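Counted the way the numbering used here counts, the sequence shown spans residues 91 to 474.
Single-structure report; data block below.
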Amino acid sequence: MANQDNSFYVKQGVKMENINDLQNKIIADIQAASDLKALDEVRVSALGKKGLITEEMKTLGAMEADARIEKAKELNILKAAVEKALDERKALLEDAALNEKLKQETIDVTMPVRPETQGRIHPISKVLEEVIAIFGQMGFEVAEGPDIEDQFHNFNALNMPLNHPARQMQDTFYINHDKDNSFNIEDAYVVRTQTSGIQIRTMEVKKPPIRIIAPGRTYRSDMDATHTPMFHQVEGLVIDKTTTLAQLKSCLYDFVKAFFELDNIPVRYRPSYFPFTEPSAEMDIGCLKTKTELKIGAGNDWLEILGCGMVHPNVLRAGGIDPDVYQGFAFGMGLDRLAMLKYGIPDLRTFFEADLRWLKHYGFAALDFASLTGGLSNNGGLLR
Ligand code: DAH
C-alpha cells in the first residue's frame, strides 16, 4: 500500500487556484502513470487522507454557507472526474500487466514430449492402474488398510481363529511388540499376509451397499521364482441385500476380459476353500502353454488367476453387518502374478531387484496411463 501521508501535490505546494487547471494537471498525471504503483501514488496525492482534494474538503466547514455550497459542488465535480480517470487508467494498466504476464508464461503446445525422459513406470504400478481403471468403471471405490495389522483384522474376523489350520498356510511374519521382549503369539501384530483384512476395516466404517477394491502390499515368509516375501494383492468386496454368485461370476468375467484386452476368454470356476467365503472358488482362464510361450485366451490349458466366493456369515457378523439381511461376494488376486501373465515376465524376484536395465525393458512410459476409453496398456506409440 502506498504511504497515505505522502501527498506530492501538497508537498510540491500545488494550489487550488484554478480548479480546471488543477483537474487537467491531475488527469495528465494519471495518464502519465506507467504502472499501477505510480498510479496509486497519484491517487493518494489527490484523494488520500492527506491528499490535495481531501485537504480542500476539510476547509469547507469554516466557510460561509453560500461559498461553501459553491466550493463543495466544484470539489465534488473534480473528485468524480479524478476518480473516473483513475478507474479507467487502472483497468488499462491491469490489462497490460495481465497481457505481459501471459506473454511471459506462454507454453508451446506443439513442443514434443522431452525425448530424453528416462524414468519408467514399474509394471506393478501399471497393472494396479489398469485394475483400478476397470473396477472404477464398474463403480468400485478404492479402500486401504495398514501394512502392520492386528490379528483380529488379518485372521480372527475373517473366520480364522488362532490354531485354525488355514493360518499355517500363510507363513506369517509376526511382530513382537511386548516391552519385555517376551513373545506372545496371541496379541502379536503381523505384517498383513493378505489384503482381506480391509474387508473388515471397510465394514467397520461403511454401511452397505459396499463395493470396494483394496490393493496393497502383503507379506509371507516364502521365496522362489513365483514367491517373494513381499508381494501385492487386490481384494474385492461387494455387499448388498441381493448380491449373488451370478453377479460375482459376471463381474469377474468382465474384469478378466477387460484386463487381458480380449473379447473372448474361456474361464472356469473350481470349488475351493477359503475360511472367509462359503462357497469358495478359484477362477481359471484358458491358455496355451508351450515350451517358449504362454498365450492367454486360447488353448487347452488353464491358469489359476484368483480366489473368490460368497462372504461367510461369520465375516459379516465380525464386521457388524447382519447376515440375515445382507449378503456379499469377495475376491482376491495377486497383482504381481497378473503383471507376470499379462506382460510375459517369467521371474517374480526380478520385480524387486531395482535393476534399471530390467525396468527399461519391462517398464512403461510415464505419460502412458491406463484408461478404458484411451486403452489400458496401449501407449499411443510414445516410448515403447
Ligand atoms: N486372501 C486370499 C489369499 O491370500 C485370497 C482371497 C481368496 C481373497 C478368496 C478373497 C477371497 O477375498 O474371497 O490367498
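Beta carbons: idealized from backbone N, C-alpha and C, even for Gly.
Keep in mind that this is a model prediction, so the values were computed, not measured.
Item	Value
Closer than 7 Å: E325 CB and nearest ligand 1 heavy atom	yes
Closest by C-alpha distance to L457, when choosing among F421, V405, N114, E219	E219
Sub-8 Å separation of L129 and S135 beta-carbons	no
Three-pair Cβ contact test at 8 Å for the segment 386-402 versus the segment 365-374	yes
Run of the beta strand (DSSP E) containing E394, from where it starts to where it stops	391-401
Limits of the beta strand (DSSP E) - the one that S370 falls within	367-379
Rounded straight-line distance, which links the Cα of K385 to that of V415	43 Å
Coil, strand or helix - L472 by DSSP	Here the model assigns L472 a pLDDT of 41, short of 50, so the residue's position is not dependable and the matter cannot be decided.
Burial state of Q227, where buried means 16 or more other Cβ atoms lie within 10 Å	exposed
Limits of the unbroken beta strand (DSSP E) element including Q323	320-330
Of the residues C377, N249, V357, M147, the one placed nearest A40, counting alpha carbons only	With the chain running from 91 to 474 in the structure shown, residue 40 is simply not present.
Segment contact flag, the segment 169-182 with the segment 431-443, C-beta cutoff 8 Å, min 3 pairs	no
heavy atom of ligand 1 below 7 Å from G397 C-beta	yes
Distance between L176 and R133 (C-alpha atoms, nearest Å)	7 Å
Distance CB(F442)-CB(T318) smaller than 8 Å	yes
Identity of the residue in T292, E325, A408 nearest M423 by Cα	E325
Backbone secondary structure at L150 - three-state DSSP	helix
First and last residue of the uninterrupted alpha helix (DSSP H) at A429	425-433
Enclosing beta strand (DSSP E) for T308 [first to last residue]	300-309
Any non-hydrogen atom of ligand 1 within 7 Å of S311 CB	no
Backbone CA spacing between M91 and G229 [nearest angstrom]	Confidence at M91 is low in this model, with a pLDDT of 42, below 50, so its placement is unreliable and the value that follows should be read with caution. Answer to the nearest angstrom: the Cα atoms are 53 Å apart.
Check: A336 C-beta below 7 Å from any heavy atom of ligand 1	no
Sequence-distant residues of the same chain with beta carbon closer than 7 Å to E146, five excluded per side	M106, L165
Sequence-distant residues of its chain with Cβ nearer than 8 Å to L428 (five each side left out)	V217, V221, F349, I395
Length-filtered (3 minimum) beta strand (DSSP E) runs lying within the segment 186-260	none
Reference S340; option with closest CA among M373, A247, Q121, E383	M373
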